[in-house]
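Residue numbers (the working numbering), protein chains in the order written: chain Y, 949 to 1476; chain U, 949 to 1476.
The beta-carbon is built from N, C-alpha and C at its ideal position, and this holds for glycine as well.
Keep in mind the model is a prediction, meaning the values are calculated, not measured.
Put into structure tokens, the structure is as follows:
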């Protein structure tokens, strides 16, 4: 197991002099650093990158333009994958009649709890200058703001499905959902969040399972190739299953504090929802049969995962494939004469870069000519995580060069001939994308181990630093059998079983909690 | 004024034999026709094209894949325009604290009425096997599901804006909103609908007005060039203004039943919301000043406008620039041998068409090889409004030809050499786009008039056909001054003043309702 400090040994990418406004300038752009206080570092990265902020509504966040642009890029990448695999988008109601939630027994347990309940459809003056829900406008049946849409979509599918000819149905919806979470954290757990939820109906169990696994693969492909975030594909244990599902699969990623993040789930619902909602069809033999359904989703939580996978003590680092801007060009000048020639060169560079292609699209370039100090301006873009920063001043114009800094690198920026930079820019973005993935994969490998006895397991999940009670060993692959004994031990250690990985060795062993025979190891971790 | 029947004289695009399943085959794919019952025809077009359906939640619709794909194309076109004019997307909370609605007096009147009110945050078992809102989980302050977001976004802007350097703020949000409408009609008026809402903050009145008008122009450009829907840009009268606005501008279109549809609005809010929400900034002279704000939006209502502008008695017609598919290829074969060669030819054609560009993107092509009767299949695509339908059978393969039908034309389909079709396809789509616009512009011109006395005005808005009480003259340009007399007359005639057009003659005249002097004509119409 690597020593603790290595965890945060990623070098800072200092390339410009710091603001000297403060008597004691901090060594990093973000205070506190990851090793000082990881949860607070996370909040400060969000603030420094201007990604989001808390709103006037409890538990709901405002997603600011830079954060939303990352989400739009996530949407675009996923949406293209959904469509390429035959799915179509549709839109279903925000509200779910309360009685719909009562139909699937486990679903009731899981979702009919902390949710937003609409009981009235009108406001009226309260007689004291304010407003109140009009007593005469109470709804006969309360409506629930969707926490997830299996029930309302299932009721619709029941109308659409008559014959095997109507199957499969392969739909996806981009939507907002609300779960009245008691403890919220930006992007990771908010009362309202944005997500996509796929819902499909199939004639056979095999087909539904194939769909469930296809989507799991699709999520993993997106996470690794676009987010540069290595993930483990696995099946959830019965205790962690989606309420009402037969099998739940997930992708699990390791954050820089070694905690796991569930980044996407794909559920094989069997015939549970079909039976609760009467989704029946006449099969090719003319027999009436219940259909097989799936559902799957990822959410704005992915933005939280992106932040915690790649960012450093200077702020956000966005993988190039999801970056709202790939290159930011910062003009530097003093006189009006200088301004004209510098800006002309910047504009020329922008046009040239936009003619180059990265990830099958033109390179995305911004020129930041705002009237603020150059150092401060450059640091803003460091904190926003733009992959490449280019400074152009009068001397660069004269030399036909640019001053270039890579966000993922600790090296100081350097002068590069203008033409060489244009020719190399797309390749550099590819290198950065790969570098971020490799760095995260190395960190995960360095903090993953197999554990075969309870004492080691306890030590692994016991904090090694009083200042950072959250920091611990990382991921542990262990044999296990679900039991009350295990659940209690995990609760004591604040650890969880993330999944049973689909890939990897299958050698049998003994449950580290009870000694019972076990066929496969699970992945254990502290988790978000 | 043209005679009544001309209104629906667009020829049907029959090109294939009809289903003979019915003893008496109707002459059109949609029953009733436009001239028989326009409102019911509208519902049937939506059903036949599989655009949307009513849901299990009162007043909320399910937007089905074909309808949602049109909305996605609308979003894409508008979003590109917003970004090209410097706007960024963001996301604000779904919920608005009730007290926020109380702040702007007129806004209270307009929006704090029929809305969805969240009063509880938990459900619990009701003791009878069902659920109920948990009495212990009543919210201290009710939350309103946003009917529009000026108040919650304004409260956020108040935090963001400190100095003139923070301005302008140019944001847009794609979101769902809820207004508890009593009478709903699919796409045109639903309790929940999808829209975009732009919200901007400026340092000066002039800048805010420039933004308001820029967006109005942007909406009109989109409506005319992408939707092929001619619109009138104008200012709303005080009675039709957005609650809390100083000036409201709109684009107004004429549907085929001669009723007007408000298709988009842009509001100059002055300092009303800034004062209600304390959006203040320090100007360049160091003085504290209230900011100037705007808001603007279009919604899924546009899909209703698209349907009613272009569709005919055989169903939907989608303008090519917004069509989910530009070309559908229908293979026809009997034997397995035929199947192989026909499908190979279809695939080749698809690939060739996709290499051609229309509207700066590859032509969008679908091959429909479902195992259903050819006539029925072809009619499904007629009803869905795909611009070009191509049938390929063994003889076409042998002749190196395709059988081609245009959705906007009454001409029967015809054989066209394969190569010629590929070369001409993009041009044909351009022709169709233009033809749809011209046809709608002609209909509007034929049903627009100037009226200078009340008797003619009354006759113009009195139905000419007992079977179609909604059908009347069309648009009337009249001099007017807002008054109670006018309001009562309009109410009696079920007519409305749509706007005062920004373009056109400015000769003064006399109000047809009161005889008062008037500087400019308004557009009067029955309206959705």
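Check the Cβ-Cβ distances between residue i and every residue of chain U, and say whether any is below 8 Å.
i, result
"residue 1155 of chain Y", "no"
"residue 1069 of chain Y", "yes"
"residue 1475 of chain Y", "no"
"residue 1062 of chain Y", "yes"
"residue 1046 of chain Y", "yes"
"residue 1036 of chain Y", "yes"
"residue 1140 of chain Y", "yes"
Does the beta carbon of residue i sit closer than 8 Å to a beta carbon anywhere in chain Y?
i, result
"residue 1464 of chain U", "no"
"residue 1112 of chain U", "no"
"residue 1124 of chain U", "yes"
"residue 1020 of chain U", "yes"
"residue 977 of chain U", "no"
"residue 1408 of chain U", "no"
"residue 1332 of chain U", "no"
"residue 1016 of chain U", "yes"
Measure how close the beta-carbons of residue i and residue j come, nearest whole angstrom, since I'm counting them as under 8 Å.
i, j, result
"residue 1176 of chain U", "residue 1258 of chain U", "7 Å"
"residue 1280 of chain U", "residue 1138 of chain U", "Not a contact, Cβ separation roughly 40 Å."
"residue 1221 of chain Y", "residue 1098 of chain Y", "6 Å"
"residue 1400 of chain Y", "residue 1320 of chain Y", "In fact, because the Cβ distance is near 57 Å, the residues do not count as touching under 8 Å."
Please report the straight-line C-alpha distance between residue i and residue j, rounded to a whole angstrom.
i, j, result
"residue 1339 of chain Y", "residue 1266 of chain Y", "20 Å"
"residue 1264 of chain Y", "residue 1094 of chain U", "32 Å"
"residue 1193 of chain U", "residue 1001 of chain Y", "28 Å"
"residue 1135 of chain U", "residue 1157 of chain U", "30 Å"
"residue 970 of chain U", "residue 1114 of chain Y", "With a pLDDT of only 38 at residue 970 of chain U, under 50, the local geometry of the prediction cannot be trusted, and the value read off the model is given with reservation. The alpha-carbon atoms of residue 970 of chain U and residue 1114 of chain Y are separated by roughly 23 Å."
"residue 1422 of chain Y", "residue 1381 of chain Y", "24 Å"
"residue 1186 of chain Y", "residue 1446 of chain Y", "11 Å"
"residue 1149 of chain U", "residue 1104 of chain U", "11 Å"
"residue 1385 of chain U", "residue 1178 of chain U", "7 Å"
"residue 1042 of chain U", "residue 1387 of chain U", "41 Å"
"residue 1255 of chain U", "residue 1397 of chain U", "24 Å"
"residue 1311 of chain U", "residue 984 of chain U", "36 Å"
"residue 989 of chain U", "residue 1260 of chain U", "9 Å"
"residue 1242 of chain U", "residue 1247 of chain Y", "31 Å"
"residue 1204 of chain U", "residue 1472 of chain U", "16 Å"
"residue 1298 of chain U", "residue 1275 of chain U", "9 Å"
"residue 1081 of chain Y", "residue 1069 of chain Y", "8 Å"
"residue 1064 of chain Y", "residue 1092 of chain U", "11 Å"
Anything in chain U within Cβ reach of residue i, meaning under 7 Å, just list it in chain order.
i, result
"residue 1050 of chain Y", "1078 and 1079"
"residue 1425 of chain Y", "Within chain U, no residue comes near residue 1425 of chain Y; the closest Cβ sits about 38 Å away, beyond 7 Å."
Whose Cβ in chain Y lies nearer than 8 Å to the Cβ of residue i?
i, result
"residue 1004 of chain U", "1041, 1045, 1048, 1100, 1103 and 1104"
"residue 1091 of chain U", "1005 and 1064"
"residue 996 of chain U", "Correct list: empty, because the minimum Cβ distance to chain Y is about 16 Å."
"residue 1010 of chain U", "1038, 1039, 1040, 1041 and 1104"
Counting only Cβ pairs nearer than 9 Å, list the residues of chain Y close to residue i.
i, result
"residue 1128 of chain U", "1069, 1070 and 1085"
Which chain U residues sit within Cβ distance under 8 Å of residue i?
i, result
"residue 1013 of chain Y", "1036, 1037, 1038 and 1119"
For residue i, decide whether its Cβ has a neighbour in chain B, counting only Cβ atoms nearer than 8 Å.
i, result
"residue 1145 of chain U", "Looking for chain B here will not work: the only protein chains present are Y and U."
**Item:** Those runs of the beta strand (DSSP E) which lie wholly inside the segment 1003 to 1027 of chain Y and span at least 3 residues
**Value:** 1009 to 1011
**Start-end ranges of the beta strand (DSSP E) lying completely within the segment 1228 to 1274 of chain Y, minimum 3 residues** = 1228 to 1230, 1236 to 1238 and 1240 to 1247
**Asked** For the segment 1361 to 1432 of chain U, which segments carrying the beta strand (DSSP E) assignment without a break, of at least 3 residues, lie completely within its bounds, in sequence order?
**Response** 1362 to 1365, 1396 to 1398 and 1423 to 1427
**alpha helix (DSSP H) runs contained entirely in the segment 1037 to 1064 of chain U, provided each spans 4 or more residues** = 1046 to 1049 and 1053 to 1059
**Message:** Runs of 4 residues minimum, wholly inside the segment 1275 to 1312 of chain Y: which ones carry the alpha helix (DSSP H) assignment?
**Reply:** 1284 to 1302
**Prompt:** Which runs of the beta strand (DSSP E) spanning at least 3 residues fall entirely within the segment 1127 to 1166 of chain Y, listed in chain order?
**Reply:** 1140 to 1150
**Request:** Within the segment 1076 to 1113 of chain Y, note down every full beta strand (DSSP E) run reaching 3 residues or more, in order along the chain.
**Result:** 1079 to 1081 and 1086 to 1093
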